[in-house]
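Following: one structure in structure tokens, then a few remarks.
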Amino acid sequence: MHKLVVLYPEPADPDHFRDYYVSNHLPLVTRMPGLLAWRYSFEVAATQGQTPYFAVFEAEFADAAAMTAARASPQGRQVAADVANYATGGAVVIHYPVQNGTC
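71 is the number that UniProt numbering gives to position 71 of the sequence shown; each next residue is one higher, with no gaps.
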């Protein structure tokens, strides 16, 4: 599995961010080809001190090639172009292969 994570710093208008993100952005995300699962939260907290992030988004793909293809697709390009409509604080995008652990 390959995970894409987007970390959002505090936006200029948090209410607009929340409303636009849920009503407009996430419906675009769900149309990305190869997307296996996704989740988000506006309740980001640091274990110590103040968190540098307002929101977080996670997407799961079968592998890096599937993620790359999804981001390069017309739907993926539309998702990327839409970020400027709500994320006035910017966005930090990271991705990585997931390693399974055992207990």
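Glycine included, every Cβ here is placed at the ideal spot set by N, Cα and C.
Quantities reported herein were computed from a predicted structural model and do not represent experimental measurements.
Rounded C-alpha distance that separates residue i from residue j
i: His95; j: Asp15; result: 27 Å
i: Ser73; j: Val83; result: 16 Å
i: Pro52; j: Thr88; result: 14 Å
i: Val44; j: Thr68; result: 27 Å
i: Asp13; j: Ser23; result: 16 Å
Cβ-Cβ distance between residue i and residue j below 8 Å
i: Val93; j: Leu4; result: yes
i: His25; j: Ala64; result: no
i: Gly34; j: Phe61; result: yes
i: Leu28; j: Val79; result: yes
i: Phe54; j: Pro11; result: yes
i: Tyr40; j: Tyr86; result: no
i: Met32; j: Ala70; result: yes
i: Pro9; j: Gly76; result: no
i: Ala66; j: Trp38; result: no
Residue burial classification, residue i (beta-carbon count within 10 angstroms, cutoff 16)
i: Ala46; result: exposed
i: Phe17; result: buried
i: residue 105; result: Within the shown structure, residues of the chain are numbered from 1 to 103, placing residue 105 beyond reach of any answer.
Bridge partners - residue i, DSSP secondary structure assignment
i: Val98; result: Partner(s): none; Val98 has no beta bridge.
At 3 residues or longer, and completely inside the segment 9-89: list those beta strand (DSSP E) runs for me, N to C. When DSSP assignments are scanned along the segment 9-89, the uninterrupted stretches of beta strand (DSSP E) that are 3 or more residues long and fall wholly within it turn out to be 37-41, 55-61.
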